[in-house]
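Remarks on the structure that follows.
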Amino acid sequence: MSAVLKSIEARFEPLALHNLEAVLSVEQRAYAHPWSRNNFVDTLASGYEAQLLLGGDTLLGYFVAMKGVDEVHLLNITVDPDYQRQGWARVMLDALSIWAKGQRADWLWLEVRVGNLRAMKVYESQGFGRVGLRKNYYPAVQGQREDAVVMSRPL
């Protein structure tokens, strides 16, 4: 069941080590194969763009992106399961696009599980197109692997 925030101003805040427990809680509830604490710690140590989306004191979601030469690669975007289907992923993708343009990137890139049709629809609605397939990219159940659809969008 989704929770709805009423009359609360949403804002972005950089991910920091002191936010990590809340992020890990969301990550573990959102995914069967969540990022580990070390994935997030490495992200911060590498200086990747990592932003929290907050509604008041409530963590709605977050994204992590890596800047390349003329592109930005979205590594993780997650909306708390309690706040999904309310447009928060689109808000984060818009913020990512603004940041990427400020970095003089020409393209946004991402991978998404072939089975995550809902996410693909969101990405396509935001101008991303399917450009390739990475075989056996993601871990899956019982030691199996799942393919990833590679998507990109010009800025």
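Counting from 41, one number per residue, gives the positions in the sequence shown under the working numbering. Think of the CB as a built atom: it goes at the ideal place given N, C-alpha and C, for glycine as much as any other residue. All of these numbers come straight from a predicted model, not from anything done at the bench.
Problem - Sub-9 Å separation of LEU173 and VAL162 beta-carbons - result: Locating residue 173 in the sequence shown gives position 133, where the first residue counts as 1. Locating residue 162 in the sequence shown gives position 122, where the first residue counts as 1. Going by C-beta atoms, LEU173 is not nearer than 9 Å to VAL162.
Problem - Residues near LEU114 in its chain [Cβ-Cβ closer than 6 Å; skip 5 each side] - result: Mapped onto the sequence shown, residue 114 falls at position 74. Answer for LEU114: ALA105 and LEU150, listed in chain order.
Practice task
From the DSSP output, in three-state form, read off GLN126 for me.
Solution key: Indexing the sequence shown from 1 puts residue 126 at position 86. Of the three classes helix, strand and coil, the one that applies to GLN126 here is coil, per DSSP.
Exercise for the section: Tell me, please, which residues DSSP counts as bridged to SER192. Expected result: The count along the sequence shown starts at 1 and reaches residue 192 at position 152. SER192 is bridged to TRP149 and GLY169.
Handout entry: Host beta strand (DSSP E) of ALA105 (start-end)
Key = Here residue 105 refers to the residue found at position 65 of the sequence shown. Unbroken beta strand (DSSP E) run through ALA105: 98-107.
Practice task
Please confirm whether GLU89 and LEU136 have their CB atoms less than 9 Å apart.
Solution key: Start at 1 with the first residue of the sequence shown, and residue 89 comes out as number 49. Start at 1 with the first residue of the sequence shown, and residue 136 comes out as number 96. Result yes, Cβ atoms of GLU89 and LEU136 sit closer than 9 Å.
Handout entry: Status (buried if at least 16 other CB within 10 Å, exposed otherwise) for ARG193
Key = Position 153 of the sequence shown, counted from the first residue, corresponds to residue 193. Flag for ARG193 reads buried.
Problem - contact_flag[the segment 140-147, the segment 120-132] where n(CB pairs < 8 Å) is 3 or more - result: no
Practice task
Assuming ALA50 contacts VAL131 (C-beta within less than 8 Å), just tell me the rounded distance between them.
Solution key: Here residue 50 is taken as the residue at index 10 of the sequence shown, counted from 1. Here residue 131 is taken as the residue at index 91 of the sequence shown, counted from 1. Yes, they are in contact, since the Cβ atoms of ALA50 and VAL131 sit about 7 Å apart, within 8 Å.
Exercise for the section: Rounded to whole angstroms, what's the CA-CA distance from SER65 to LEU84? Just pull it up for me. Expected result: On the sequence shown, position 25 is the one that residue 65 refers to. On the sequence shown, position 44 is the one that residue 84 refers to. In a straight line, the C-alpha of SER65 is about 18 Å away from that of LEU84.
Problem - Under 9 Å between C-beta atoms of LEU99 and ILE117 - result: Residue 99 sits at position 59 when you count from the first residue of the sequence shown. Residue 117 sits at position 77 when you count from the first residue of the sequence shown. Contact flag unset, no.
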